[in-house]
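Accompanying notes for the structure given below.
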Amino acid sequence: MNTATTGEAVQKEDSMWKQKELINGNYARLARAHEEGRKVASTFVPGNLNELLMCFDFVRNLPEINALQNGLRKKSGAMVREAEKAGHSEDVCAYVKADLGMMMQGNIGPMGEPLPKPDILVLSYTGCFTFMKWFELVREQYQCETAMLHVPYQGDGTITPNMRDYVVKQIKEDLIPTLERVSGVKFDIDRLREYLVESAKAEDDLVWVLQSAKNKPSPIDAYFGGVYYIGPAFTAFRGTPEATDYYATLRREVAERLAAGKGPITPDGEMGEERYRLVVEGPPNWTHFREFWKMFHEEGAVVVASTYTKVGGVFDFGFRHDPTNPLESLAEYCLGCYTNLNLPTRADMLTQYVEDYQADGLLINSIKSCNSFSAGQLLLLREVEDRTGKPGAFVETDLVDPRYFSAANVKTRLESYFQMISQKRERHAA
Amino acid sequence: MKCFIGIDLGSTTTKALLMDADSKVLGRGITNSRSNYDIATTVAKREAFADARFNLFRASLSSVEALDGRLDEFLASLERNFRLEQYLEQLADLEATCKNHAADPRFSGQTQLVGEVLDQLFDQLHAEAPEYFAPGAKRKSDFFRDVAGSRYLAVGEAVAKEEGLAFDVLLNIYDRSIIEVENRTGDSDTSGKVLGALDRTFESAGNGLGAAAAEVRGHIGEALQIELEETYVVGTGYGRARLPFSKEHIRSEILCHGLGAHVMYDGTRTVLDIGGQDTKAIQIDADGIVENFQMNDRCAAGCGRYLGYIADEMNVGVHELGPIASKATRTVRINSTCTVFAGAELRDRLSLGEKREDILAGLHRAIILRALSLLSRSGGVRDQFTFTGGVANNEAAVRALETLVRENYGDVAINIDPESIYTGALGAATFALRAGEA
Numbered sequence: 000m001n002t003a004t005t006g007e008a009v010q011k012e013d014s015m016w017k018q019k020e021l022i023n024g025n026y027a028r029l030a031r032a033h034e035e036g037r038k039v040a041s042t043f044v045p046g047n048l049n050e051l052l053m054c055f056d057f058v059r060n061l062p063e064i065n066a067l068q069n070g071l072r073k074k075s076g077a078m079v080r081e082a083e084k085a086g087h088s089e090d091v092c093a094y095v096k097a098d099l100g101m102m103m104q105g106n107i108g109p110m111g112e113p114l115p116k117p118d119i120l121v122l123s124y125t126g127c128f129t130f131m132k133w134f135e136l137v138r139e140q141y142q143c144e145t146a147m148l149h150v151p152y153q154g155d156g157t158i159t160p161n162m163r164d165y166v167v168k169q170i171k172e173d174l175i176p177t178l179e180r181v182s183g184v185k186f187d188i189d190r191l192r193e194y195l196v197e198s199a200k201a202e203d204d205l206v207w208v209l210q211s212a213k214n215k216p217s218p219i220d221a222y223f224g225g226v227y228y229i230g231p232a233f234t235a236f237r238g239t240p241e242a243t244d245y246y247a248t249l250r251r252e253v254a255e256r257l258a259a260g261k262g263p264i265t266p267d268g269e270m271g272e273e274r275y276r277l278v279v280e281g282p283p284n285w286t287h288f289r290e291f292w293k294m295f296h297e298e299g300a301v302v303v304a305s306t307y308t309k310v311g312g313v314f315d316f317g318f319r320h321d322p323t324n325p326l327e328s329l330a331e332y333c334l335g336c337y338t339n340l341n342l343p344t345r346a347d348m349l350t351q352y353v354e355d356y357q358a359d360g361l362l363i364n365s366i367k368s369c370n371s372f373s374a375g376q377l378l379l380l381r382e383v384e385d386r387t388g389k390p391g392a393f394v395e396t397d398l399v400d401p402r403y404f405s406a407a408n409v410k411t412r413l414e415s416y417f418q419m420i421s422q423k424r425e426r427h428a429a
Numbered sequence: 000m001k002c003f004i005g006i007d008l009g010s011t012t013t014k015a016l017l018m019d020a021d022s023k024v025l026g027r028g029i030t031n032s033r034s035n036y037d038i039a040t041t042v043a044k045r046e047a048f049a050d051a052r053f054n055l056f057r058a059s060l061s062s063v064e065a066l067d068g069r070l071d072e073f074l075a076s077l078e079r080n081f082r083l084e085q086y087l088e089q090l091a092d093l094e095a096t097c098k099n100h101a102a103d104p105r106f107s108g109q110t111q112l113v114g115e116v117l118d119q120l121f122d123q124l125h126a127e128a129p130e131y132f133a134p135g136a137k138r139k140s141d142f143f144r145d146v147a148g149s150r151y152l153a154v155g156e157a158v159a160k161e162e163g164l165a166f167d168v169l170l171n172i173y174d175r176s177i178i179e180v181e182n183r184t185g186d187s188d189t190s191g192k193v194l195g196a197l198d199r200t201f202e203s204a205g206n207g208l209g210a211a212a213a214e215v216r217g218h219i220g221e222a223l224q225i226e227l228e229e230t231y232v233v234g235t236g237y238g239r240a241r242l243p244f245s246k247e248h249i250r251s252e253i254l255c256h257g258l259g260a261h262v263m264y265d266g267t268r269t270v271l272d273i274g275g276q277d278t279k280a281i282q283i284d285a286d287g288i289v290e291n292f293q294m295n296d297r298c299a300a301g302c303g304r305y306l307g308y309i310a311d312e313m314n315v316g317v318h319e320l321g322p323i324a325s326k327a328t329r330t331v332r333i334n335s336t337c338t339v340f341a342g343a344e345l346r347d348r349l350s351l352g353e354k355r356e357d358i359l360a361g362l363h364r365a366i367i368l369r370a371l372s373l374l375s376r377s378g379g380v381r382d383q384f385t386f387t388g389g390v391a392n393n394e395a396a397v398r399a400l401e402t403l404v405r406e407n408y409g410d411v412a413i414n415i416d417p418e419s420i421y422t423g424a425l426g427a428a429t430f431a432l433r434a435g436e437a
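Protein chains in written order, with numbering that gives the first Met the number 0: chain A, 0 to 429; chain B, 0 to 437.
What follows is the structure, encoded as structure tokens:
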């Protein structure tokens, strides 16, 4: 979800450089944390309480981000194999194995700097059961403190006051005291409010950028480009002025592209004519990210909306972090993450995306080692096809296990899908 | 005459199909894909053009009275002789290539012996060649590699033994040479070979055509003069990116199979294609336009290759599997469709005393179950259902499919075209026709 490239030179805009600085800065802080006497918290992207952790001066480490960064850098395959050698099965989430494998190899992070032992593992449980097991394994390794926030699943598709109160109560009575104890820093709610002001500003700009894809041509790719755009807001930077600044810059750049009638920028340069507009469900593949993206952009396919860019928060239906109700809004944020939504809500969301973004259809990238995302995806596909009348398609890859990316197979499916859309269009025109 | 051409580059075979402006199929050609798609494309296309010529001969010769009631026989003889001419051309190439390799310094000291053995070997292969193409002769396959290879090895072994040469030497020379020969397209002079075949046919038949021979020759000559123009080519299949033409000339195999099945049976709504390395379940509408599809993922379980693997494990030809399985009296339940585990499962069952045919029936059922899962994911089986690909020629697979489709989807018309291996090429040719007319 962050900038990372290998191989040929990539065109970079200001926002990209800013993001790169943010990421490199955070890895450097992690490497120095303990010698500087700072405490480290590890936490996951969905439902992350970054602003809260900042209130206790924790340096934030996000294991999924490490795994995907290692995937982008072609390092994850060896890590996955290392974890399998230690007894983890082939079907286990590849993020988990890449993380454990990295630890077994000496815990050197994606940028080549050592990652510190965490002082606390903060699990905000938002729908992915594997996260819990993952932290159990990490805890066993480091014998460190853990704090778990139990976020109720949106089984009925709504957030009730009860659910919100339940989360707030845990934050107040359990999480904050634990974080105070581990960090030695007293909680200051006004400090939290200040961060949330920044978060809300960044979220406004992020939503503006993502919704710019409603234009034709879309100035952005909301999946392959989108994973970069969500980077700061979904990870260790939400709530910082630097992240707010990043989003202001990004918004300006996208506004310029829009005004100039330009399409998205890709690692291979400006994209050509927009021929297909797609909504994509599911995480991307990281080990062959550029190759995968190329299969889209060289056919003129732009992703105009995606659900993966909502895993660290669904902001495009109005939710913002709210400094006037800080703890309540943290609770609502966790409850509203994409991974915590039930299938009917996801179907509604996808249908709405296909319609609002005038997409040609829904494409699902089903992740081999992620059951929590994949369960029910075919039902989603059928449902959205029926409701929109637009054709759907299904490809299968993996997050960071390179063995599960079969380029020929994926390309055949994608090309078939694009040609299927063209054929339908031609007939419609005739 | 305008020809619209579809080419389907498969993992095992490459198919070409020629169509005229009225959507009539003019000819079909097939060759093994080798590892060289350019060659495979050239050869398959040439085969399809040759097939088209034979269809033109048929049309033209139907007016020859002397051939009344025996036209089929005459054309079959002409075609066999044509195949023989092709074979001899490649055999001469193989001989020259082998002799060239025999000069390699690694054989110094026995260069002369190797040369003599090769002379004897190829003399015999040339001499016996007409037998392979005699009426009623059975060939395991029509591909040069298969026909010449099996004879080279058999004859070579005997000659080498007699002359006191290590058989390995011959093997080594063959392995190097066959790859080179297969990667050359050879002489493209179809007319010359047809005329050569015609001479052979007249000679061998003693056919009493008498004065009509000249008439026949005239018709053939005229038919050979008809220009078959390569108007528009569309390619599909896994090697499509390697085709020597631009993107507009390439269609996905899913679209081609969908359209091909529609052209074969216009009532088709669901298509199942089981090829060498992939299985496709496709839903199409009344116009043959794809509505939905599912493909097997990174694993070849449940594909044609699985059967190939089983055949290797059992030491039988892949074409023998269906007939053996058809003798089953019960179906052994096979749990794993993993290609790699299949061998273990097979041996395990044999050791438990299960009969070979019963196990094979179970393996066929397992493959079809896997295909059924893809079908259900693509939207199920709708009437009519068309089954295509190499596995559609396997009677045991077809029987398992019929049973399982009936159990799960009730009465559905199941279509299997004898030329189903050309479904993708037919779809591609139809796309070529549409694009060429546009």
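Don't be surprised by glycine CBs; every beta carbon is placed ideally from N, CA and C.
- As computed with DSSP, M294(B) is found in a beta bridge with K279(B).
- Taking 8 angstroms as the upper bound for CB-CB distance, A199(A) and S305(A) are not in contact here, some 22 angstroms apart.
- In summary, the residues of the stretch 406 to 421 of chain A whose CB is separated from some CB of chain B by less than 7 angstroms are A407, N408, T411, R412, E414, S415, Q418 and M419, in the order they occur in the chain.
- For the set D203(A), V279(A), E273(A) and C54(A), the Cα lying nearest the Cα of T308(A) is the one of V279(A).
- For M102(A), the uninterrupted alpha helix (DSSP H) segment begins and ends at A93 to M103.
- Assigned with DSSP and collapsed to three states, H149(A) falls in strand.
- Residues of the stretch 377 to 397 of chain A whose Cβ lies closer than 7 angstroms to any Cβ of chain B, in chain order: L377, P390, F393 and E395.
- Distance from P263(A) to P218(A) at the Cβ level is roughly 7 angstroms; contact confirmed, criterion being Cβ atoms closer than 8 angstroms.
- Taking one beta carbon from each stretch, the stretch 266 to 274 of chain A and the stretch 29 to 45 of chain A have fewer than 3 pairs nearer than 8 angstroms; the two do not touch.
- Nearest Cα to R268(B) within the set S251(B), L93(B), P129(B) and D286(B): D286(B).
- Beta-bridge pairing by DSSP links Y131(B) to no other residue.
- As a beta-bridge residue in DSSP terms, F3(B) pairs with M18(B) and Y231(B).
- Remark: C-beta atoms of A97(A) and N60(A) do not approach each other more closely than 9 angstroms.
- For S245(B), the number of other beta carbons within 10 angstroms of its own is below 16, and it is reported as exposed.
- Chain A has a Cβ within less than 9 angstroms of the Cβ of Q293(B).
- When only Cα atoms are considered, L164(B) and R412(A) end up about 53 angstroms apart.
- In its chain, beyond the 5 residues on either side, D118, I119, L120, T177 and V181 have a beta carbon closer than 8 angstroms to the beta carbon of E144(A).
- Contact annotation for R426(A) against chain B: D286 and I288 [CB-CB distance below 8 angstroms, chain order].
- Taken in chain order, the unbroken stretches of alpha helix (DSSP H) that lie wholly in the stretch 103 to 163 of chain B and span 4 residues or more are 110 to 131 and 143 to 162.
- Look at D198(B) here: in three-state DSSP terms it is helix.
- Its chain contains no residue whose beta carbon lies nearer than 6 angstroms to that of D71(B) once the 5 sequence neighbours on both sides are disregarded.
- For R276(A), the beta-bridge partners assigned by DSSP are V301(A).
- The DSSP-derived three-state label of S405(A) is coil.
- Out of F340(B), R45(B), D416(B) and N414(B), the CA that lies nearest to the CA of T189(B) is found in R45(B).
- When DSSP reads this structure, G268(A) sits in a beta bridge with T265(A).
- DSSP places R59(A) inside the beta strand (DSSP E), whose first and last residues are V58 to N60.
- If you keep only unbroken alpha helix (DSSP H) runs of at least 4 residues inside the stretch 278 to 360 of chain A, you get 288 to 296, 325 to 335 and 342 to 355.
- V215(B) sits away from G155(B), with the two beta carbons spaced by 9 angstroms or more.
- K423(A) belongs to the set of residues whose beta carbon lies under 9 angstroms from a beta carbon in chain B.
- Taking C-alpha positions only, I107(A) is separated from K74(A) by approximately 11 angstroms.
- In the same chain as T200(B), and ignoring 5 residues on each side of it, the C-beta atoms closer than 6 angstroms to its own belong to S76, L77 and N80, in chain order.
- Every unbroken stretch of the beta strand (DSSP E) spanning 3 or more residues and falling wholly within the stretch 110 to 177 of chain A is given here in chain order: 119 to 124 and 144 to 149.
- With contacts defined as CB atoms closer than 9 angstroms, I333(B) and G361(B) qualify as a contacting pair.
- One thing to note: F48(B) has its Cβ no nearer than 9 angstroms to the Cβ of Y86(B).
- Using beta-carbon distances, E252(B) counts as an interface residue toward chain A, with a partner under 9 angstroms.
- Residue pairing of T396(A) in beta bridges, as defined by DSSP: I366(A).
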